[in-house]
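In UniProt numbering, the protein residues as written are 1 to 288.
Below you can see the structure in the form of structure tokens.
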């Protein structure tokens, strides 16, 4: 079966070759495109199933941030920060001629969504915010800091899956081996030496560890740029990053936000869960 997406690239302002998946959507469709943005240690493969489905009705762009997947690693690790990722995505939007779009952001991708909205209010027509908000619980930040950049390589996919279970098992207590294998194949890749390693630059941990770099300050101001924008907030019931209190504040500031709680899942839902997918489908059906 032929792939439904094209591997494309764009150039960052500092000369990196960055990769994105381009799903063309139906010929002649004038519906707004969707832009899917992944989490800190993830890549475009996270959205494989969702992007495939969305592309039945509209164009989909899935960028891989610098240091992830098929994008170049940065020679300066200080550029691994949300402000730089947003600047990189801005260049991609310009190249693709996208001035209005639907944003789907998981974790760090949700932070980027808020920052993109704040930079140019009105250009985001609808939002899927996956397990992230303007305030981040410190316990979640500490947990992520405990594993990001730790590396490790494995002789087989089974070994990689079992390692992921050891690190993330509390967030996905009901996952079976097949689901851990699927997560492993989204998160890791086969290296030239035949071993399986994480598909990101371990140096992203360096700026993440510095105070204030995990998330930009004053994100409530950025969230205000999404007031009255149709939004689905998806929260894992077991999330240690997005608290129920933050969800309530977000709801108060955006009356057009609906909230979906994915049971027995922590940070972050895969967006392949039926309850999450149904909410996303409903949002997209009503979007331009």
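We put the CB at the ideal spot given by N, CA and C, even for glycine.
- By the Cβ test, the segment 224 to 244 is not in contact with the segment 51 to 59, since fewer than three Cβ pairs between them sit closer than 8 angstroms.
- Residue 174 carries a coil assignment under DSSP once its states are collapsed to helix, strand and coil.
- In the three-state scheme derived from DSSP, where H, G and I count as helix and E and B as strand, residue 118 is classed as helix.
- DSSP places residue 247 within a helical segment (H, G or I) once states are collapsed to three.
- Beta-bridge analysis with DSSP links residue 103 to 35, 127.
- Under the three-state reduction of DSSP output, residue 70 falls in the coil class, being neither helix nor strand.
- In the same chain as residue 32, and ignoring 5 residues on each side of it, the C-beta atoms closer than 7 angstroms to its own belong to 58, 100, 101, 102, 125, 287, 288, in chain order.
- Selection 207, 243, 165, 171 evaluated against residue 178 yields 165 as nearest (Cα-Cα).
- Annotated as distal: residue 237 and residue 260, with beta-carbon spacing of 8 angstroms or more.
- Within the DSSP secondary-structure output, residue 57 pairs in no beta bridge.
- In this structure, residue 60 lies away from residue 109, with their beta-carbon atoms at least 8 angstroms apart.
- Leaving aside the five residues that flank residue 273 on each side, the residues in its chain whose CB is nearer than 6 angstroms to its CB run, in chain order, 262.
- Contact between the segment 128 to 144 and the segment 59 to 75 is absent: fewer than 3 CB-CB pairs across the two stretches fall below 8 angstroms.
- In its chain, beyond the 5 residues on either side, 152, 154 have a beta carbon closer than 7 angstroms to the beta carbon of residue 163.
- Non-local beta-carbon contacts of residue 91 in its own chain, meaning distances under 8 angstroms to residues more than five positions away in sequence, involve 10, 11, 12, 13 in chain order.
- The beta carbon of residue 258 lies closer than 6 angstroms to those of 232 in the same chain, with the five residues before and after it left out.
- Taking every protein chain shown into account, the CB of residue 191 has fewer than 16 other CB atoms within 10 angstroms, so this residue is exposed.
- Annotation for residue 88: the continuous alpha helix (DSSP H) segment containing it runs 82 to 96.
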